[in-house]
Amino acid sequence: MFTLKRTKLNILTTLREQLLTNNVIMPQEFERLEVRGSHAYKVYSIPKRKAGRRTIAHPSSKLKICQRHLNAILNPLLKVHDSSYAYVKGRSIKDNALVHSHSAYVLKMDFQNFFNSITPTILRQCLIQNDILLSVNELEKLEQLIFWNPSKKRNGKLILSVGSPISPLISNAIMYPFDKIINDICTKHGINYTRYADDITFSTNIKNTLNKLPEIVEQLIIQTYAGRIIINKRKTVFSSKKHNRHVTGITLTNDSKISIGRSRKRYISSLVFKYINKNLDIDEINHMKGMLAFAYNIEPIYIHRLSHKYKVNIVEKILRGSN
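The working numbering numbers the first residue of the sequence shown as 736 and each following residue consecutively.
Right, here's the structure in full:
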């Protein structure tokens, strides 16, 4: 009988050696973070894209250094499924949208409060699935370096923070079992599946194939994460070529291409017009440059059309930063 051999890894020892050898952090500072790292966060909020505010917990400078080194140590050890498109080198929202660009029917779902739903219990399960064995003491120290304690109470609940450099890797790794199972189901039924952080997208050209997926997803999430991660049902959306289809903020056109959408085009055109007439300040100019770069990446033909509409080469000069 074949027995899976689990590997005991000295993750914390490796981390300590890296930090102390290079004099990045003092021994007593590291020891303090191993015990109280979950308290070392600056908390603030930013507006959400549509409504409300998002809480950001930003680690202290020393804790951030620890998390970056820890991220480099854990990255080759933790499996991330190929259906994941966020925080993966060489992938972007454009790549995520392109997967679905040739499909007539789209289903979008969203996890509620995704990062903050990820707890040490879920991480421990993930480590075991990746054949990583740690003692209870090592796990507790590791969790202090990875998670945030919003209550600041001694035994307060630990959660993954939005703002930590290690959160993207952890969030992708803990989703591996869900991604694998749901992707296998989709492949059997001619459905495309991708996940971009908390946004999951399904698409197909076979009518009515997506109808039962929300129930399947919810059941699988409950089985895999015991109710700790849940679906935001208000954001579950079915769409087809009869309606506007958007994937991670990018419009899918009826001719199987991707676009920045009409409203963005009008907005960018108005910015360029204001720029030509010297009606933008420095911050607005930088914002315009970012929007133009985004448009060029997603829909370069629009930039060419915009160039013909306005002063010769003005758009190209803006993109090159020469104006």
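Even glycine gets a Cβ: it sits at the ideal position worked out from N, Cα and C.
task = Specify the secondary structure class of Met696 as computed by DSSP and reduced to three states.
result = Outside the displayed span of the chain (736 to 1058) sits residue 696, for which this structure offers no information.
request  = From the DSSP output, read off the bridge partner residues of Ser994.
outcome  = Thr986
key: Length of the line joining the Cα atoms of Ser1004 and Leu1041   = 7 Å
ask   = Does the beta-carbon of Pro811 have 16 or more other beta-carbons within 10 angstroms, so that it is buried, or is it exposed?
value = exposed
request  = Compare the C-alpha of Asn940 against each of Leu948, Arg859, Asn757, Gly925 and name the closest.
outcome  = Gly925
ask   = Do you know how far the Cα of Arg980 is from the Cα of Ile956?
value = 25 Å
request  = Please report how far the alpha carbon of Asn946 lies from the alpha carbon of Ile1011, in whole angstroms.
outcome  = 49 Å
inquiry  = Quick test of your reading: Gly1073 and Ala792, contact by CB under 8 Å. State the CB separation rounded to the nearest angstrom.
reply    = Nothing about residue 1073 can be read from this structure; the chain reaches only from 736 to 1058.
query = Is Phe882 buried or exposed, if buried means 16 or more other CB atoms sit within 10 Å of its CB?
reply = buried
inquiry  = Just to confirm the assignment, what range does the beta strand (DSSP E) spanning Ala792 have?
reply    = 788-794
Close-in-space but distant-in-sequence residues of the same chain around Leu813 (CB under 6 Å, 5 per side omitted) = Asn865, Ala908
ask   = Touch check for the stretch 830-850 and the stretch 919-936: three-plus C-beta pairs under 8 Å?
value = yes
Beta-carbon gap between Asp845 and Asn967 smaller than 8 Å = yes
request  = Would you list the one or two residues that DSSP bridges to Lys777?
outcome  = His793
message = What does the alpha-carbon distance come out to for the pair Ala1030 and Thr983?
response = 14 Å
task = Kindly indicate which residue of Pro900, Arg788, Arg767, Ser896 has the alpha-carbon position closest to the one of Glu875.
result = Arg767
query = Among Lys977, Arg1001, Ser998, which residue has its Cα nearest to the Cα of Asp990?
reply = Lys977
query = In this structure, does DSSP put Lys1052 in helix, strand or coil?
reply = helix
query = Can you round the beta-carbon distance between Gln879 and Arg1001 to whole angstroms, since I take them to be within the 8 Å contact cut?
reply = No, Gln879 and Arg1001 are not in contact; Cβ-Cβ is about 49 Å, not under 8 Å.
key: Simplified DSSP state of Ser974, which is helix, strand or coil   = strand
inquiry  = Check this for me: beta carbons of Arg784 and Thr854, under 8 Å apart or not?
reply    = no
message = Give me, in chain order, the residues of the same chain whose beta-carbon lies closer than 8 Å to that of Lys829; leave out the 5 immediate sequence neighbours on both sides.
response = Ile985, Ile993, Asn1032, Ile1033
request  = Determine the DSSP secondary structure at Met727, reduced to helix, strand or coil.
outcome  = Past the boundaries of the shown model lies residue 727; the chain is included only from 736 to 1058, so the question cannot be answered.
ask   = Is Ser906 helix, strand or coil when you go by DSSP?
value = helix
Euclidean distance between Cα positions of Tyr1045 and Met1023 = 15 Å
key: Thr936 burial status per 10 Å Cβ neighbour count (16 or more: buried)   = buried
ask   = Quick one: what's got a C-beta closer than 6 Å to Asn1048's C-beta in the same chain, skipping five residues either side?
value = none
key: Of the residues Lys777, Phe913, Ser818, the one placed nearest Leu798, counting alpha carbons only   = Lys777
key: Start and end residues, alpha helix (DSSP H) containing Ser852   = 849-852
inquiry  = Within a Cβ cutoff of 6 Å, which residues of the same chain sit near Thr790, ignoring the five residues on either side of it in sequence?
reply    = Ser780
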